[in-house]
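*Asks:* This is the structure, below, for whatever I ask next.
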Amino acid sequence: MKKLLLVCAFVIGVSAVSFAQGRQQQTPAQQVERLKTQITGLTDDQVAKVTTIFTASAKSQDSLRAAATAAGTDRAAMRPAQTALRAAQTAKIMAILTPDQAAAYKKIQDDAAARRAQGGGGN
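The working numbering applies: residue 13 is where the sequence shown begins, and numbers increase by one.
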């Protein structure tokens, strides 16, 4: 019985520590794979273009974080620039999608924004 209790406490402790670390940023390849599962009918050409957009956006985000770290600013100071980068990324993606795909992508974006507003993360 003590062993079972000890194992349970260990599992709870490990899961609490991993949850406290937060979620990791997805790579562009992971973002594309998730998008392919969420939006049906993406062509190979669209996937290639979206991959390019996600890769460029990730590089911009990394340079923005590096500049903020070098300047000693916090995340709140980076937020307007990150919002502008996300808006540009969304506009580029919407431009390559068909109207039906664009509507599905807009719904995904709106749902993610609603989850963030409720404090539930943006996945």
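Positions of the beta carbon are idealized from the N, C-alpha and C atoms, including for glycine.
Counting contacts by CB-CB distance shorter than 8 angstroms, is Val44 in contact with chain D?
*Replies:* Protein chain content of the structure displayed is limited to a single chain, and chain D is not contained in it.
*Asks:* So, are the CB atoms of Phe66 and Gln37 less than 8 angstroms apart?
*Replies:* Against a cut-off of 8 angstroms, the Cβ pair of Gln37 and Phe66 comes out as no contact.
*Asks:* Is DSSP giving Ile120 helix, strand or coil here?
*Replies:* Helix.
*Asks:* Buried or exposed for Gln33, please, with buried defined as at least 16 other CB atoms from any protein chain shown within 10 angstroms of its CB.
*Replies:* Interpretation of Gln33 is limited by its pLDDT of 48, a score under 50 that renders its predicted location unreliable; the figure taken from the coordinates is listed afterwards. With fewer than 16 Cβ atoms within 10 Å of its Cβ, Gln33 is classed as exposed.
*Asks:* Could you give the residue range of the alpha helix (DSSP H) that holds Ile105?
*Replies:* Run containing Ile105: 87-108, per the alpha helix (DSSP H) assignment.
*Asks:* Report buried or exposed for Gln130, applying the criterion of at least 16 other Cβ atoms within 10 angstroms of its Cβ.
*Replies:* Its Cβ having fewer than 16 others within 10 Å, Gln130 is exposed.
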